[in-house]
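Only one structure is covered here, and it is reproduced in the block below.
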DNA sequence: TCTGGGGTCCTAGGACCC
DNA sequence: TCTGGGGTCCTAGGACCC
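Residue numbers (my numbering): 21 to 446.
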């Protein structure tokens, strides 16, 4: 084995959202905890204790509310401000030890361990211990020669936590074989429900069988994505580490309402609010949008009349000006709005994003005037200083009737001076 | 009453061009 | 009788991820 052979670690926070809540509620360490989606809709994170009680991902909260209470499960509304801040602390801690890190999601990072001194198992335990001591977050770590194998190793570290202490080194061939033989295809990174059903019909049920199919045949029957997965399972790297986070190609803000919207006026407020949020993300990555889409939808559930429609809107020039975009969105909304429905959701999708400067105006296509730039700069400065929604367009309400329901939300302990943790001396 | 949100990549097919 | 071929761009839809 060449010492240069690529080696990756996947660092994964255990039940991330739930663990964030537990950080500031130590009395819940042994108590089953779940975190709910927006509007307290359904379960999106569970501690092992909650899993053991049979609570499933996606269980609608209103159906299991009483059962949760009876079993002593504590439920939280999702608090993304808190999770986002804890996440960046964990990432910075990992980066203090590993030179090259890809932030893969809010609770997972890949680290490139190529060339790091053996034993790597000890190095991984060092990361684990430092994250625990600096942030309080428990993490599991998997090591492999490809990202897909590192993922599989991390999966095993969770499954066999007692034996492994949450660190699995899956570089040896016999270890790979042992694990993949016990791993259903659907647990493999990149194999979802649809593909696993088709694979099963082809007689492939374990990751080991998948690793031993002919990649060319897989490409023909399933496409290049699965082919890469197969190669990665055999130890051939096909997916590289992405250190720099690429700019988004589309920015979407869509949310269910806390209660149904039935008037155009309320829908205008909602669309303006979503545009406010979407353009903040847009300006953060310093892009301009040339086309966007506004959509309104009724709930797919229940037996009320259903309606969903969307419209593409074209601002006069690529822009990040929330006022201009909000006006255009209001015109678009007029086109698709129909009275008589109980709307459950609206959506803003900013598309055709361009970097500033990439777009060159000419005589006939103007570009954004400097006063818009100035105004947006001031808007963002004020909102950084006084909170995300301190300054906003007049269309956006201060207190909306349709706002998200979050009845069980914890404090923003780490990001708001008014919500710090409090102690009482006895 | 009440069922998440935000992304990515790939492919197929149509329009259009020379 | 015989009815091109290759390229690009765009869009819609499907699959996946957390």
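The beta carbon of each residue, even a glycine, is placed where N, CA and C say it ideally should be.
Neighbourhood of residue i by C-beta, 6 Å cutoff - its chain only, sequence neighbours within 5 removed
| i | result |
| --- | --- |
| residue 208 | 227 |
| residue 424 | 58, 59, 278 |
| residue 276 | 59, 364, 365 |
Close beta carbons around residue i, own chain, < 7 Å, minus the five adjacent residues each side
| i | result |
| --- | --- |
| residue 279 | 421, 422 |
| residue 248 | 258, 259 |
| residue 113 | 150, 151, 154, 155 |
| residue 362 | 280, 282, 318, 324 |
| residue 412 | 296 |
| residue 284 | 357 |
| residue 433 | 44, 102, 439, 440, 441 |
Inter-residue CB distance, residue i and residue j (contact presumed, cutoff 8 Å)
| i | j | result |
| --- | --- | --- |
| residue 318 | residue 364 | 6 Å |
| residue 230 | residue 250 | 6 Å |
| residue 162 | residue 173 | 3 Å |
| residue 52 | residue 69 | 4 Å |
| residue 93 | residue 117 | With a Cβ gap of about 35 Å, residue 93 and residue 117 do not count as contacting. |
| residue 246 | residue 200 | With 8 Å as the limit, residue 246 and residue 200 do not qualify as a contact, their Cβ atoms being about 15 Å apart. |
| residue 313 | residue 369 | 4 Å |
| residue 164 | residue 190 | 5 Å |
| residue 447 | residue 373 | Past the boundaries of the shown model lies residue 447; the chain is included only from 21 to 446, so the question cannot be answered. |
| residue 376 | residue 308 | 6 Å |
| residue 147 | residue 31 | 6 Å |
| residue 256 | residue 184 | 25 Å between Cβ atoms; not a contact. |
| residue 160 | residue 171 | So it is not a contact: roughly 11 Å between Cβ atoms. |
| residue 187 | residue 120 | Going by Cβ atoms, the distance from residue 187 to residue 120 rounds to 19 Å, so no, they are not a contact pair. |
| residue 429 | residue 96 | 7 Å |
| residue 336 | residue 386 | 7 Å |
Cut-off 8 Å between Cβ atoms - residues of its own chain near residue i, not counting five sequence neighbours on either side
| i | result |
| --- | --- |
| residue 355 | 331 |
| residue 409 | 296, 403, 416 |
| residue 303 | 340, 396, 400 |
| residue 168 | 208, 209, 210, 249, 252, 253, 259 |
| residue 213 | 206 |
| residue 349 | 291, 292, 295, 312, 314, 333, 368 |
| residue 360 | 325 |
| residue 48 | 41, 42, 94 |
| residue 25 | 134, 165 |
For residue i: DSSP bridge partner residues
| i | result |
| --- | --- |
| residue 80 | 62 |
| residue 392 | DSSP, once it has assigned bridges, lists no residue as partnering residue 392. |
| residue 365 | 276, 317 |
| residue 442 | Its beta-bridge partners do not exist; DSSP assigns none. |
| residue 301 | Answer is none; residue 301 lacks a bridge partner. |
| residue 28 | 132, 164 |
| residue 291 | DSSP output for residue 291 lists no bridge partner at all. |
| residue 11 | What the structure shows of the chain is the stretch from 21 to 446, and residue 11 is not part of that stretch, so it cannot be assessed. |
| residue 54 | 66, 95 |
| residue 122 | 130 |
| residue 33 | 159 |
| residue 271 | 370 |
Cβ-heavy atom distance, residue i to the ligand NAD, below 6 Å
| i | result |
| --- | --- |
| residue 327 | Ligands in the displayed structure: none, and consequently the ligand NAD is not present. |
### Message
Would the stretch 131-145 count as touching the stretch 97-109 if we require 3 or more Cβ pairs under 8 Å?
### Response
In this structure the stretch 131-145 does not touch the stretch 97-109; the number of beta carbon pairs closer than 8 Å is below three.
### Query
Counting only runs that start and end within the stretch 184-258, where is the beta strand (DSSP E) found for 3 or more residues in a row?
The stretch 184-258 contains these whole beta strand (DSSP E) runs: 187-189.
#### Entry: Given 8 Å, three or more beta-carbon pairs between the stretch 75-82 and the stretch 55-62
The stretch 75-82 vs the stretch 55-62: in contact.
### Task
Report yes or no: do the stretch 329-348 and the stretch 252-260 share at least 3 C-beta pairs separated by less than 8 Å?
They do not touch, by the three-pair rule.
### Message
With a threshold of 8 Å, are at least 3 pairs of Cβ atoms found where one atom belongs to the stretch 33-42 and the other to the stretch 59-73?
### Response
Taking one beta carbon from each stretch, the stretch 33-42 and the stretch 59-73 have 3 or more pairs nearer than 8 Å; the two touch.
### Query
At what residue ranges does the stretch 143-180 contain a whole run of the beta strand (DSSP E), taking only runs of 3 or more?
Scanning the stretch 143-180 from its first residue to its last, the whole beta strand (DSSP E) runs of 3-plus residues come out as 159-164.
### Segments of 4+ residues assigned as alpha helix (DSSP H) that fall wholly inside the stretch 400-429
If you keep only unbroken alpha helix (DSSP H) runs of at least 4 residues inside the stretch 400-429, you get nothing at all.
### Task
Counting only runs of 3+ residues fully inside the stretch 318-358, write out the beta strand (DSSP E) ranges in chain order.
As far as the stretch 318-358 is concerned, its whole beta strand (DSSP E) runs of at least 3 residues are 328-333.
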